[in-house]
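Down below is the structure, laid out as C-alpha cells.
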Amino acid sequence: MNLKNSSAHLANFTLVACFVLALFATNHVQAQTKITSVKETTNDAPNLIVITTDGFRWQEVFNGMDFELANQKVFNHGDSSYLYKKYGAATVSERQKLLLPFLWNTVATQGQLYGNRFKENKVNVANPHWFSYPGYNEIFTGYPDSIINSNDYPPNPYSNFLGYLQQQKKYKGKVVAFAAWDAYDRILNEAVSGFPVINGFESVSSILKDPISENLSNLLKDSYQPFKKVECLDVFTHYQAMHYLKTKQPKVMYISYGETDEWAHHGNYSNYLDAAHQVDAWLNDIWNYVQNTKGYKNNTYILITTDHGRGFGSEWTTHGADVKGAANIWFALLGPGLQKIGPLGEQTKTQQLYQKQLAATITKLLGHPFKAEHPIGEAIY
550 MNLKNSSAHL
560 ANFTLVACFV
570 LALFATNHVQ
580 AQTKITSVKE
590 TTNDAPNLIV
600 ITTDGFRWQE
610 VFNGMDFELA
620 NQKVFNHGDS
630 SYLYKKYGAA
640 TVSERQKLLL
650 PFLWNTVATQ
660 GQLYGNRFKE
670 NKVNVANPHW
680 FSYPGYNEIF
690 TGYPDSIINS
700 NDYPPNPYSN
710 FLGYLQQQKK
720 YKGKVVAFAA
730 WDAYDRILNE
740 AVSGFPVING
750 FESVSSILKD
760 PISENLSNLL
770 KDSYQPFKKV
780 ECLDVFTHYQ
790 AMHYLKTKQP
800 KVMYISYGET
810 DEWAHHGNYS
820 NYLDAAHQVD
830 AWLNDIWNYV
840 QNTKGYKNNT
850 YILITTDHGR
860 GFGSEWTTHG
870 ADVKGAANIW
880 FALLGPGLQK
890 IGPLGEQTKT
900 QQLYQKQLAA
910 TITKLLGHPF
920 KAEHPIGEAI
930 Y
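In my numbering, the protein residues as written are 550 to 930.
This is how it looks when you write it as C-alpha cells:
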C-alpha cells in the first residue's frame, strides 16, 4: 500500500468521522430504546473485552511523544508545531497523559500496565517473526509456533481462547470479534471457532439487523479507503463494535484497531499519534459503558495490548525479525481482583513476560483456564 499523505486525505478522514458521529447522535434516542429492550447481562460469569491497537510502540506508551521523530521533517511532514502543541511537554508524566489520558489516568491507577523497559519491566513476543499474524496467533492461542510465518497464512490450525470460551456453557453464543484488518477470519479461524468475526469491510449488518447497523454498513461501503480493501478505518470498526456491545451485550468481545500500524508504515508520525490518541478515547468510552451497565459493572476484564513492536529511530516505520526492538511490546489489564496478580498501577519490578502468557492469564482470571491440543504459555500468576 503506497499512500501519500495530503490534506485531502485528512479532510476525507475527518468528514467520515463526522458522518459517523452525526449518525450516532441522530439515532441516540432510538439506540437507547433498543438497548432497554434487550435483556441485560445477568449471568454472574465475568465478562471479557480484548482490545488491540496494531504495532503501537512501548516507547510512546511509556514516554509519550518521541522528540527525535517529531523533529524530523520526513516524519512530521513539515508541521512539527502541530505535534508539539498537542503532545509536547517537558516531563514524561505530562507527555503520557497528553497522548494517552485514559491509559494513564485510569488504567495506570485502577488496573495494571506492563512493559516499561526504562524500568526493566519487559514484555516480548516469543514468536521469531515480529509481525502481525504471528503476533495475533500468539496472543490468542498462547502458542508461538514458527510455522505461522506470513500475514497471508491460511486459516489458523491452532485453537484460540475466544473459541475455547465459546464452547463453555456460560459463554456459548456470546462471543464476537470486530477487526479493521481483513485477516482475522483466518487468524481466529472463524469457520472452526464458532463465533462471528466482522473484519475489514464486512458489516455488522450481517449479524445484527436494525436501522443503525444498516446505516453503518452504507457508510463503511462508501467510505474513504486509504488502505484499499485490506483494512477499513478504525472509526467504523469501533462504532460497529460499540453498537453491537450496547445492543446484544456479549460476554466476550474482541476489538482490533489498525491505524497505528498503517500510519507508522507510511512514516506519518502525526497520524500515528493521533490514531493512538483516538483509540485511548474509545477505550474511555468502552470503560464508561462497562462501568455504568448492569451485568458488566465490576464484572468485566479488559485486556489491552499490541501484536508487535517497531524499530528505533528511523526504523520506527517498520518491524520484523531483522528490526531491532520489534519484539518489544506492552499490555494493560483492567478489572476486579487484579491484586491476585500483583499491585495495581504501572508495574516497575524487574521481570520478563511474554505475549504467549496472555491467553492463559486472561482465561484464568475468568475462571476458565484455557485448554488446547497444543502447548500454551503459562499464566503470569
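Glycine included, C-beta positions come from ideal geometry on N, C-alpha and C. No experiment lies behind these values; they were computed from the predicted model shown.
The C-alpha of Ser629 is placed about 42 Å away from the C-alpha of Pro745. The C-alpha of Gly860 lies about 16 Å from the C-alpha of Lys671.
As the crow flies, the alpha-carbon of Phe919 is around 14 Å from that of Tyr930. Nearest C-alpha to Ala657 among Ala921, Ala909, Leu893, His917: Leu893. Here Glu895 carries a strand assignment [DSSP, helix/strand/coil]. An exposed status is given to Gly627, since fewer than 16 other beta-carbon atoms sit within 10 Å of its beta-carbon.
Rounded to the nearest angstrom, the Cβ distance from Val839 to Gln789 is 18 Å, too far for a contact under 8 Å. Note: Asn748 is bridge-paired with Ala728 in the DSSP secondary-structure output. CA-to-CA, the gap between Thr910 and Lys622 works out to about 42 Å. As a beta-bridge residue in DSSP terms, Ser805 pairs with Thr601, Ala728. Cβ-Cβ separation between Trp865 and Leu618: approximately 6 Å, consistent with a contact (criterion under 8 Å). Gly604 sits close to Ala813, with the two beta carbons spaced by under 9 Å. The C-beta of Pro760 has fewer than 16 other C-beta atoms within 10 Å across all chains shown, which makes the residue exposed. Between Ile853 and Trp836, the beta carbon gap of about 10 Å keeps them out of contact (Cβ cut-off 8 Å). For Ile890, the CB contacts under 6 Å within the same chain, skipping 5 residues up- and downstream, are Tyr930 in chain order.
By the criterion of a C-beta distance shorter than 7 Å, Asn620 is surrounded in its chain by Ser629, once the five residues flanking it on both sides are discounted.
In the three-state scheme derived from DSSP, where H, G and I count as helix and E and B as strand, Val641 is classed as helix. Leu652 is the residue among Leu652, Asn625, Gly613, Thr786 whose C-alpha sits nearest the C-alpha of Ala881. Our two residues, Ala740 and Asn705, have alpha carbons roughly 10 Å apart in a direct line. About 6 Å separates the beta carbons of Arg666 and Trp607, which is inside the 8 Å limit, making them a contact pair. Closest by C-alpha distance to Asn596, out of Leu822, Leu714, Tyr685, Leu769, is Leu714. The C-beta distance from Gly684 to His815 rounds to 20 Å, too long to fall under 8 Å, and the pair is not in contact. No residue range can be given for Gln798, since it is assigned to no alpha helix (DSSP H) and is classified by DSSP as neither H nor E. Going by DSSP, Tyr850 is part of no alpha helix (DSSP H) but of the beta strand (DSSP E) stretching over 849-854.
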